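Written out below as structure tokens is the structure these notes cover.
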Amino acid sequence: MMPGEVFPMKIAFLGLGAMGYPMAANLSRNHEVTVWNRTPEVARRHAGEHGTTFADSLDQCATADVVISIVPTSAEVAELARIVTAAGLRSGVLWMDMTSGDPQTSRATAAGLEEKGIRFVDAPVTGGTPGAEAGTLTIMIGGSAEDFERAREICASMGTRIVHVGAIGAGHAVKAVNNAMLAANLWAAAEGLLSLKALGLDLEKALEVINSGSGRSNASENLLPSRIIGGEWPLTFKLALLDKDVRIAASMAHSQHLATPLIGLTSTLFTAALKELGAGADYMEVAKFVTSLNGERWPGEKSS
Ligand code: NDP
């Protein structure tokens, strides 16, 4: 093989949602990818668009060398692992779970797979749908050093920064904390900007200052301006999924007997927003919840 050349692997990809769909497309440029999705039409469309192989049953995924899952939570991953293993998944296969899951359930799933000689890494991602489409995700991997090396080669088709963060479950732990920090920053930025708006100040000018100052965050720099000023509120990441991540972070801290009131409060606020906005809401709509608590609206917010 030439330097930089990729050894093509036989990969089964389970879960073609907002993230999985473009990730599987990028993977298929270097590997032989079979796609399965709970709603089969999505997998059929993927095969037509990207030359992947459509699987209408999980049994067809049992002949893969590598299985990748990216579904809402670790509970669905556990169920998929049970079904694909029962279908005859071979010893020596690597299962890469790219869901933002929880460490405890992942360790239990990994232990069940290990009984059949199947290796497991948790490999959640950050970078959102733009990163998934561009193949520039950051991928944090929990697992053995040997399994990390196998996973790294495959991840190179989907991401640019691939970090071994510890043993099984460590990837999910880092991801949960990353997203709890995103959630807290988002809420704080929304409250702060609302108070500036209430003073009658120009939010564009305020953001110009904040984003070159020490209060800036991904929320203030990249996420909020196009929504609260530009009026674009696309659905890219379900609020229900971010709420799940913050709950995982809160439960990790709780189980270690740590006093982490800010993570706990963030979790409570996101759950309240989710109950109000509903399961179909995008995570950025919490900024609308912050205004609605105060009978206000953002300049770019239409009446609902
Ligand atoms: P989506 O809701 O867009 O997609 C979810 C996927 O999981 C779909 O393929 C869905 O199938 C499938 N699914 C849902 N329930 C089940 C089930 N019971 N059994 C099998 N498959 C099921 O989610 P995302 O792609 O946004 O997120 C996937 C994971 O990635 C989550 O853990 C999320 O937290 C994480 N993530 C998301 C990011 C984002 O920006 N969106 C960024 C980083 C991580 P169907 O088509 O039938 O509904």
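Under our numbering, the first residue of the sequence shown carries the number 8, and numbering increases by one thereafter. All C-beta atoms, glycine included, are put in the ideal place defined by N, C-alpha and C. Quantities reported herein were computed from a predicted structural model and do not represent experimental measurements.
Is residue 244 near the ligand NDP, going by C-beta to nearest heavy atom under 6 Å?
On the sequence shown, residue 244 is found 237 positions in, with the first residue counted as 1. Remark: the C-beta of residue 244 is in contact range of the ligand NDP, defined as less than 6 Å to any heavy atom.
In the DSSP output, which residue or residues are listed as bridge partners for residue 43?
Taking the first residue of the sequence shown as 1, we reach residue 43 at position 36. Per DSSP, 21.
Does the region 31 to 41 touch the region 156 to 165, meaning 3 or more C-beta pairs lie closer than 8 Å?
Contact between the region 156 to 165 and the region 31 to 41 is established, with three or more Cβ pairs separated by less than 8 Å.
Distance between beta carbons of residue 42 and residue 60, contact taken as under 8 Å:
The sequence position of residue 60 within the sequence shown is 53, counting from 1. The sequence position of residue 42 within the sequence shown is 35, counting from 1. At roughly 7 Å, the Cβ-Cβ gap stays under 8 Å, so residue 60 and residue 42 are in contact.
Hey, quick one: how far does the alpha helix (DSSP H) through residue 271 stretch, first residue to last?
Looking up residue 271 in the sequence shown gives position 264. DSSP places residue 271 in the uninterrupted alpha helix (DSSP H) bounded by 268 to 284.
Looking at residue 69: is its Cβ nearer than 7 Å to the Cβ of residue 94?
In the sequence shown, residue 69 corresponds to position 62, counting from 1. In the sequence shown, residue 94 corresponds to position 87, counting from 1. Against a cut-off of 7 Å, the Cβ pair of residue 94 and residue 69 comes out as a contact.
Rounded to the nearest angstrom, what separates residue 259 and residue 135 at their Cα positions?
One-based indexing of the sequence shown puts residue 259 at position 252. One-based indexing of the sequence shown puts residue 135 at position 128. For residue 259 and residue 135, the distance between alpha carbons rounds to 23 Å.
Answer with buried or exposed for residue 97, where buried requires no fewer than 16 other C-beta atoms within 10 angstroms of its C-beta.
Stepping through the sequence shown from its first residue, residue 97 is reached at position 90. Around the C-beta of residue 97, fewer than 16 other C-beta atoms lie within 10 Å, and the residue is accordingly described as exposed.
If you count every other CB in all the chains shown that lies within 10 Å of the CB of residue 168, and 16 or more means buried, which is it?
Taking the sequence shown and counting its residues from 1, the one referred to as residue 168 is at position 161. Within 10 angstroms of the beta-carbon of residue 168 lie fewer than 16 other beta-carbons, which makes it exposed.
Below 8 Å on the Cβ atoms is my guess for residue 241 versus residue 179; work out the distance and round it to an integer in Å.
The residue given as residue 241 occupies position 234 in the sequence shown. The residue given as residue 179 occupies position 172 in the sequence shown. About 26 Å separates the CB atoms of residue 241 and residue 179; that is not less than 8 Å, and the two are not in contact.
The ligand NDP and residue 83: does the residue's C-beta get closer than 6 Å to at least one heavy atom of that ligand?
On the sequence shown, position 76 is the one that residue 83 refers to. Yes - the ligand NDP has a heavy atom lying nearer than 6 Å to the Cβ of residue 83.
Looking at the structure shown, is residue 146 part of a helix, part of a strand, or coil, going by DSSP?
The residue you call residue 146 lines up with position 139 of the sequence shown. Residue 146 falls in the strand class under three-state DSSP.
Below 6 Å, is the gap between the Cβ of residue 234 and the nearest heavy atom of the ligand NDP?
For the purposes of this step, residue 234 is identified with residue 227 of the sequence shown, where counting begins at 1. Remark: the C-beta of residue 234 is outside contact range of the ligand NDP, defined as less than 6 Å to any heavy atom.
With a threshold of 6 Å, establish whether the CB of residue 130 neighbours any heavy atom of the ligand ZN.
The ligand ZN is not part of the structure shown, which contains the ligand NDP as its ligands.
Mapping the DSSP letters down to three states, classify residue 125 as helix, strand or coil.
Sequence index remark: in the sequence shown, residue 125 carries index 118 (1-based). Note: residue 125 maps to coil in three-state DSSP.
Own chain, CB closer than 8 Å to residue 174, minus 5 neighbours either side, in chain order
As a first step, residue 174 is located in the sequence shown; it is residue number 167 there, counting from the start. Once the five neighbours on either side are set aside, the close Cβ partners of residue 174 are 149, 150, 151.
Going by beta-carbon coordinates alone, are residue 298 and residue 201 separated by less than 7 Å?
Looking up residue 298 in the sequence shown gives position 291. Looking up residue 201 in the sequence shown gives position 194. Cβ distance < 7 Å, so residue 298 and residue 201 count as in contact.
Can you tell me whether residue 287 sits near the ligand NDP, meaning its C-beta is under 6 Å from at least one heavy atom of the ligand?
Residue numbering aside, residue 287 sits at position 280 when the sequence shown is read from its first letter. Not under cutoff, so the answer is no.
The alpha helix (DSSP H) that contains residue 255, what's its start and end?
For the purposes of this step, residue 255 is taken as the residue at position 248 of the sequence shown. It spans 246 to 262 - the alpha helix (DSSP H) in which residue 255 sits, taken as one unbroken run.
For residue 292, which residues from the same chain have a beta carbon less than 8 Å from its beta carbon, with the 5 sequence-adjacent residues on both sides left out?
Within the sequence shown, residue 292 is the residue found at index 285, counting from 1. These residues qualify, in order along the chain: 240, 246, 280, 284.
Per the DSSP calculation, residue 76 is bridged to which residue(s)?
Working through the sequence shown from its first residue, we reach residue 76 at position 69. Residue pairing of residue 76 in beta bridges, as defined by DSSP: 21, 104.
Measuring alpha carbon to alpha carbon, tell me which of 238, 271, 266 ends up nearest residue 305.
Residue 305 sits at position 298 when you count from the first residue of the sequence shown. Of 238, 271, 266, the residue nearest in Cα terms is 238.
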